[in-house]
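**Student:** Below: one structure in structure tokens.
2 protein chains.
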Amino acid sequence: MGASKTELHSTQHIRIAEIAKVLSHPARVAIMEHIASQQDCICSDLVEEIGLSQPTISQHLQVIRNAGLLKGNFEGKRLCYCLDAERLQEIQSLFNNFFNTSSANCCTL
Amino acid sequence: MGASKTELHSTQHIRIAEIAKVLSHPARVAIMEHIASQQDCICSDLVEEIGLSQPTISQHLQVIRNAGLLKGNFEGKRLCYCLDAERLQEIQSLFNNFFNTSSANCCTL
DNA sequence: ATTTAATATTGCAATATTACGATGTTAATT
DNA sequence: AATTAACATCGTAATATTGCAATATTAAAT
């Protein structure tokens, strides 16, 4: 098969998995950190910064964008990328919630 | 290619990506939550609980285990799975750290 | 209007993931 | 010792991901 059986899973679990998938590649983690570190929000140096080709970076950016984690102006010659702080906070809560409920009843092995 | 170019990335980013990959499938999120919810730590009902076949569940469990998130007795007729609470806490810090540094300097678009 | 710089899209190859049937392994039970 | 219950492993098919060269698009600069 290869495709995951999404109909089996809760929307909550699917949501966590979707976000985790964005973070499941070191290039995307690096891209997100780098965008966040830029005060002026001009991110045309990502290719040099990360070391992957321009199409590959563009592809990773789209994954981040599709998950709703990017804000900014996507048209024209120059981009102005920013992380969506609100979304980030939502996600952080989602993950913390998961970690807290998951570590709660752990047995004492 | 298809294989990620791990030599380009920092160990920190690779570590985050590794853990995120574990959480990037809803079945694994569900499995982890279910294991955590079991006080007695007997988890032979995962197949019925999740709705995937026994080999598939076993495969997902191995992914979780390989990331160092499972503790317990893996031999014999019956298993005794537990989430490794210490590791979970480590991971939670790792993620929170990432989120905090990433949302810090976000521009005001 | 051309050129140029920055990014997106397309097409494709290499590899990884997901899923399950069939089969192997292990230890308790009979 | 044979059976059984609970997992693991193997093999394999379907699909997804990763990466880049080539090409297209876009808007500013000339």
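So the protein sequences, as listed, match chains A and B.
For the first sequence, the working numbering gives the first residue as 23, with consecutive numbering after it.
For the second sequence, the working numbering gives the first residue as 23, with consecutive numbering after it.
Beta carbons: idealized from backbone N, C-alpha and C, even for Gly.
Look up K43 of chain B in the DSSP assignment and say whether it is helix, strand or coil.
**Tutor:** Residue state, collapsed to three classes: helix.
**Student:** Expressed to the nearest angstrom, what Euclidean distance is found between the alpha-carbon atoms of L101 of chain A and E112 of chain B?
**Tutor:** Near 36 Å, if we compare the C-alpha coordinates of E112 of chain B and L101 of chain A.
**Student:** Would L45 of chain A and A52 of chain B be called neighbours here (beta carbons separated by less than 8 Å)?
**Tutor:** Against a cut-off of 8 Å, the Cβ pair of A52 of chain B and L45 of chain A comes out as no contact.
**Student:** Name, going along the chain, the residues of the stretch 74 to 90 of chain A whose beta-carbon falls closer than 8 Å to a beta-carbon of chain B.
**Tutor:** Listed in sequence order: L74.
**Student:** Apply the 10 Å Cβ neighbour rule to D67 of chain A and answer buried if 16 or more other Cβ atoms are within range, or exposed otherwise.
**Tutor:** It counts as exposed.
**Student:** Are the CB atoms of D106 of chain A and L83 of chain A nearer to each other than 8 Å?
**Tutor:** The answer is no: Cβ separation not under 8 Å.
**Student:** Bridge partners of E94 of chain A, per DSSP?
**Tutor:** Position check: residue 94 of chain A holds Gly in this sequence, whereas Glu was assumed. DSSP lists A:Y103 as partners of G94 of chain A.
**Student:** Just to confirm the assignment, what range does the alpha helix (DSSP H) spanning L83 of chain A have?
**Tutor:** Unbroken alpha helix (DSSP H) run through L83 of chain A: Q76 to N88.
**Student:** In angstroms with no decimal places, state the Cα-to-Cα distance between A39 of chain B and F121 of chain A.
**Tutor:** Using only the alpha carbons, I get a separation of about 17 Å.
**Student:** Report yes if the C-beta distance between I72 of chain A and I79 of chain A is below 8 Å; otherwise report no.
**Tutor:** The answer is yes: Cβ separation under 8 Å.
**Student:** Are F26 of chain B and H31 of chain A close, meaning C-beta to C-beta below 8 Å?
**Tutor:** Note that residue 26 of chain B corresponds to Ser in the displayed sequence, not to Phe. Not a contact, by the Cβ cut-off of 8 Å.
**Student:** In chain A, which residues lie less than 7 Å from A39 of chain B when you measure between Cβ atoms?
**Tutor:** Within 7 Å Cβ-Cβ: L45, S46, H47, P48 and V51.
**Student:** Shortest alpha-carbon distance to Q34 of chain A belongs to which of A:L116, A:E70 and A:E108?
**Tutor:** The shortest C-alpha separation from Q34 of chain A is found at A:L116.
**Student:** Tell me the rounded alpha-carbon separation between S75 of chain B and R109 of chain B.
**Tutor:** Near 28 Å, if we compare the C-alpha coordinates of R109 of chain B and S75 of chain B.
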